[in-house]
Amino acid sequence: MTFSQRLDQIAGLTEARLGTLVGTKIKHPERDDPIPPRLLGALRHATLGGGKRFRPFLVIESAALFGLSERQALDTAVALECVHCYSLVHDDLPAMDNDATRRGMPSVWKAFDEWTAILAGDALLTVAFEILSTPEVHESPEVRLALISALAKAAGAAGMVGGQALDLEAERLPSREAPTPSGILHLQSLKTGALIRFACEAGAILGGGGPDERAALHRYGTELGLAFQIADDLLDVEGDAATVGKAVSKDAAAGKATLVSLMGIARARAELKRAEQAAIDALVPFGAKAETLIEAARFVAERNR
Numbered sequence: 085m086t087f088s089q090r091l092d093q094i095a096g097l098t099e100a101r102l103g104t105l106v107g108t109k110i111k112h113p114e115r116d117d118p119i120p121p122r123l124l125g126a127l128r129h130a131t132l133g134g135g136k137r138f139r140p141f142l143v144i145e146s147a148a149l150f151g152l153s154e155r156q157a158l159d160t161a162v163a164l165e166c167v168h169c170y171s172l173v174h175d176d177l178p179a180m181d182n183d184a185t186r187r188g189m190p191s192v193w194k195a196f197d198e199w200t201a202i203l204a205g206d207a208l209l210t211v212a213f214e215i216l217s218t219p220e221v222h223e224s225p226e227v228r229l230a231l232i233s234a235l236a237k238a239a240g241a242a243g244m245v246g247g248q249a250l251d252l253e254a255e256r257l258p259s260r261e262a263p264t265p266s267g268i269l270h271l272q273s274l275k276t277g278a279l280i281r282f283a284c285e286a287g288a289i290l291g292g293g294g295p296d297e298r299a300a301l302h303r304y305g306t307e308l309g310l311a312f313q314i315a316d317d318l319l320d321v322e323g324d325a326a327t328v329g330k331a332v333s334k335d336a337a338a339g340k341a342t343l344v345s346l347m348g349i350a351r352a353r354a355e356l357k358r359a360e361q362a363a364i365d366a367l368v369p370f371g372a373k374a375e376t377l378i379e380a381a382r383f384v385a386e387r388n389r
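FYI, the working numbering numbers position 137 of the sequence shown as 221, with every residue one higher than the one before it.
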């Protein structure tokens with residue numbers, strides 16, 4: 085099986101499980117109350133029918149390093165995808181990035197309205213932790229608690245949300261200091277990198293990995309997250325909207341500082357290659373078992389959407 089086929093296979097598994105869980109987990113714990121139809125439609129629009137499912141892929145493949153099957157890692161992967169989808173729904177809002185298109189379709193606020201999009205994002209964030217609390221994720225309550233804690237930190241004020249705040253502050257508060265490469269690296273390590281790091285470390289949590297193994301996956305996730313963001317910024321400069329599936333050239337139009345805008349395309353590409361190789365090097369302790377994750381680093385550096 086090629087890397088692309090494996091990525092598509094896990095995307096299909098994630099899509100199917102999302103379709104099962106979204107609409108069944110989100111309900112009153114003691115009554116079989118239906119979800120309001122408009123909200124359910126927004127939830128399904130936000131989660132189904134598109135996306136590479138790259139973060140779920142990382143959860144499942146990092147868990148495979150410890151001998152876990154797809155089934156044993158799938159619900160953790162789906163919980164993470166719910167958080168990622170929530171972040172996209174809120175990112176697209178007019179008050180945030182004001183994007184009308186996502187994955188080649190109208191973004192949730194455009195397809196429905198702003199208040200529905202806000203509530204759909206809220207519901208996806210909370211259902212992620214409901215999923216992680218269930219025995220289907222892992223028989224050990226300690227493992228489930230470790231996953232909940234790690235995802236909460238990755239998604240919260242010291243993680244993804246903190247990075248989003250720094251990003252908007254830099255764009256919209258003129259009193260802020262001029263951006264620097266180190267500042268942008270910190271911002272991106274939170275906004276994009278935190279969930280990717282969690283995806284990689286989740287496999288070790290599920291599989292009972294030791295401190296050295298978790299540290300190696302942490303390094304891998306850190307460099308992979310950086311490579312992912314640089315590639316995304318390059319796509320915003322050089323990509324085609326039809327291929328990328330969302331609007332491009334928005335960062336420059338908004339005056340947003342990125343590594344590409346500060347360093348130029350050539351130096352940004354060099355940093356992308358450095359991050360790609362550093363991610364690959366972090367996997368050395370796992371030997372041949374890590375070949376699919378090595379291919380994932382190459383995929384990130386070379387992607388066109």
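Note that the Cβ used here is the ideal one computed from N, Cα and C, for glycine as well. All values derive from a computational prediction rather than experimental measurement.
query	result
Environment of A350 [buried if 16+ CB atoms lie within 10 Å]	exposed
Assigned secondary structure, R351 (DSSP; H/G/I helix, E/B strand, else coil)	helix
Classification of P140 by the beta-carbon crowding that lies within 10 angstroms, buried from 16 upward	buried
H222: first and last residue of the uninterrupted alpha helix (DSSP H) it sits in	Taken as a continuous stretch (DSSP letters only), H222 belongs to no alpha helix (DSSP H), as it is neither H nor E.
Local conformation of T185 per DSSP, three classes	strand
Among G96, A380, I378 and I289, the one whose alpha carbon lies nearest that of E223	I289
Residues bridged to P190 (per DSSP)	T185
Closest by C-alpha distance to A238, when choosing among R122, P219, R281 and F213	R281
Span of the alpha helix (DSSP H) around T342	Premise fails: T342 is in no alpha helix (DSSP H) and is neither H nor E.
Three-state class that DSSP yields for D176 in the structure shown	coil
Same chain, Cβ closer than 8 Å to R122, five either side skipped, listed in chain order	F196 and T200
G134 versus Y170: straight-line alpha-carbon distance, rounded	14 Å
P184 classed as buried or exposed, judged by whether at least 16 other C-beta atoms fall within 10 angstroms	The amino acid at residue 184 is misidentified as Pro; the sequence shows Ala. It is exposed - the Cβ of A184 has fewer than 16 other Cβ atoms within 10 Å.
The region 363-371 / the region 294-311 touching (three or more Cβ pairs under 8 Å)	yes
Whole beta strand (DSSP E) elements within the region 256-314, 3-residue minimum	none
Three-state secondary structure (DSSP) of P140	helix
Buried versus exposed, by CB contacts within 10 Å (16 or more), R155	exposed
Coarse secondary structure for A130, derived from DSSP in three states	helix
L132: CB within 7 Å of a non-hydrogen atom of the ligand ATP	For the structure depicted, the ligand ATP is absent and the ligand set is empty, with no information on it obtainable.
Nearest neighbour of A374, chosen from E145, G291 and A242 [CA to CA]	E145
Separation of I364 from L377, as counted between CA atoms	8 Å
Segment contact, 8 Å Cβ cut-off, at least three pairs: the region 248-268 with the region 341-349	yes
Cβ-Cβ distance between L279 and H168 below 8 Å	yes
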